[in-house]
């Protein structure tokens with residue numbers, strides 16, 4: 001069963017911010033929100049994760065709604081190298097990742 | 110660190126042949142995961158190990174698939190006999206501790222003719 005819902009695709013202009021949404025209305029109290037991305041012909045790559053509070057790292061920011069039923073991955077300045085499929089995944093503990101279809105992000109120069 | 114190492118990167122074999130995929134996790138990681146990616150089914154878990162012990166192999170398609178982790182630095186995924194529907198990219202990933210990131214290898218692209 002898909003636990004997260006993401007748009008199939010999004011498009012962004014280079015050097016502009018990108019907001020990738022994810023809905024997870026059935027999230028449990030112990031689920032962490034993880035984001036991974038997969039660049040063309042590569043394995044998935046960890047981006048960021050959080051539980052309740054917003055999180056920032058060198059790659060992106062994660063904004064989590066107060067009720068935790070949705071979240072947004074923010075890329076502050078999209079580059080051509082950010083073109084990838086972005087996966088939003090709920091994960092409890094050290095369990096395997098369950099991948100959905102993700103959002104295919106295209107970046108236009 | 111070299112990251113997760115997988116070999117071979119590409120494998121082309123004929124139906125009925127045995128195929129062995131290899132994975133070396135990141136040193137110090139205690140969890141190892143095997144995933145498979147196809148156009149039809151996307152990325153799906155096959156099996157994972159904690160401290161070299163298989164925890165969940167419910168994703169292994171059938172008895173033709175087997176996986177081992179004889180020590181903390183090596184794992185194999187074997188398909189015997191291989192079939193054309195096994196053609197996919199097989200990824201190995203490793204992690205350490207709870208809630209931690211999984212680090213993926215570059216994958217093995219398997220083609221069974």
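Chains as they are written, first to last, in this note's numbering: chain A, 1 to 109; chain B, 110 to 222. A virtual CB, placed ideally from N, CA and C, is assigned to each residue, including glycine.
Nearest-angstrom Cα distance between residue i and residue j?
i	j	result
residue 195 (chain B)	residue 102 (chain A)	23 Å
residue 72 (chain A)	residue 186 (chain B)	36 Å
residue 12 (chain A)	residue 112 (chain B)	31 Å
residue 178 (chain B)	residue 221 (chain B)	24 Å
residue 41 (chain A)	residue 6 (chain A)	22 Å
residue 124 (chain B)	residue 172 (chain B)	16 Å
residue 30 (chain A)	residue 175 (chain B)	32 Å
residue 140 (chain B)	residue 100 (chain A)	22 Å
residue 1 (chain A)	residue 20 (chain A)	Confidence at residue 1 (chain A) is low in this model, with a pLDDT of 47, below 50, so its placement is unreliable and the value that follows should be read with caution. Near 21 Å, if we compare the C-alpha coordinates of residue 20 (chain A) and residue 1 (chain A).
residue 162 (chain A)	residue 105 (chain A)	No answer is possible for residue 162 (chain A): it lies beyond the span of chain A, which begins at 1 and ends at 109.
residue 205 (chain B)	residue 37 (chain A)	20 Å
residue 170 (chain B)	residue 214 (chain B)	21 Å
residue 162 (chain B)	residue 217 (chain B)	23 Å
residue 212 (chain B)	residue 43 (chain A)	9 Å
residue 39 (chain A)	residue 142 (chain B)	20 Å
residue 180 (chain B)	residue 167 (chain B)	22 Å
residue 114 (chain B)	residue 189 (chain B)	22 Å
residue 126 (chain B)	residue 136 (chain B)	32 Å
On the DSSP bridge list, what partners appear for residue i?
i	result
residue 75 (chain A)	A:18
residue 195 (chain B)	Per DSSP, none; premise fails for residue 195 (chain B).
residue 40 (chain A)	According to DSSP, residue 40 (chain A) bridges with nothing at all.
residue 50 (chain A)	A:33
residue 11 (chain A)	A:106
residue 155 (chain B)	In DSSP, residue 155 (chain B) forms no bridge with anything.
residue 163 (chain B)	B:158
residue 204 (chain B)	B:140
residue 45 (chain A)	A:37
Kindly list the residues whose CB is nearer than 6 Å to the CB of residue i, restricted to its own chain and excluding five residues on each side of it in sequence; keep chain order.
i	result
residue 131 (chain B)	116, 185
residue 107 (chain A)	12, 14, 78, 80, 82, 83
residue 91 (chain A)	32, 34
residue 87 (chain A)	36, 99, 102
Can you name, in chain order, every residue of its own chain whose Cβ lies under 8 Å from the Cβ of residue i, other than the five neighbours on each side?
i	result
residue 26 (chain A)	3
residue 165 (chain B)	154, 156, 157
residue 52 (chain A)	64, 68
residue 159 (chain B)	139, 140
residue 112 (chain A)	Outside the modelled stretch of chain A, which goes from 1 to 109, sits residue 112 (chain A), for which no answer is possible.
residue 120 (chain B)	128, 130, 217, 218, 219, 220
In its own chain, which residues sit with a C-beta less than 7 Å from the C-beta of residue i, not counting the 5 before and 5 after it?
i	result
residue 59 (chain A)	47, 48
residue 145 (chain B)	153, 155, 197, 199
residue 57 (chain A)	48
residue 89 (chain A)	4, 34, 36, 97, 98, 99
residue 192 (chain B)	124, 221
Could you confirm whether any beta carbon from chain C is found closer than 8 Å to the beta carbon of residue i?
i	result
residue 7 (chain A)	Although the question refers to chain C, the structure presented lacks it and instead comprises the protein chains A and B.
Members of the segment 151 to 165 of chain B that neighbour chain A once the beta carbon cut-off is set at 8 Å: 151, 152, 153, 154, 157, 159, 165
Output needed in chain order: residues of the segment 76 to 93 of chain A with a Cβ under 7 Å from some Cβ in chain B. 93
Could you name the residues of the segment 123 to 154 of chain B whose beta carbon sits closer than 7 Å to any beta carbon of chain A, in the order they occur along the chain? Closer than 7 Å at the C-beta level to chain A, one finds these residues of the segment 123 to 154 of chain B: 140, 142, 151, 152, 154.
Between the segment 195 to 210 of chain B and chain A, which residues of the former have a C-beta closer than 8 Å to a C-beta of the latter? For the segment 195 to 210 of chain B, the residues whose beta carbon sits under 8 Å from a beta carbon of chain A are, in order, 200, 202, 204, 206, 207, 208, 209, 210.
Quick one: which residues of the segment 25 to 37 of chain A get their C-beta closer than 7 Å to a C-beta of chain B? List them in chain order. 32
Near-chain A residues of the segment 168 to 179 of chain B - C-beta to any C-beta below 9 Å: Residues passing the 9 Å Cβ filter: 168.
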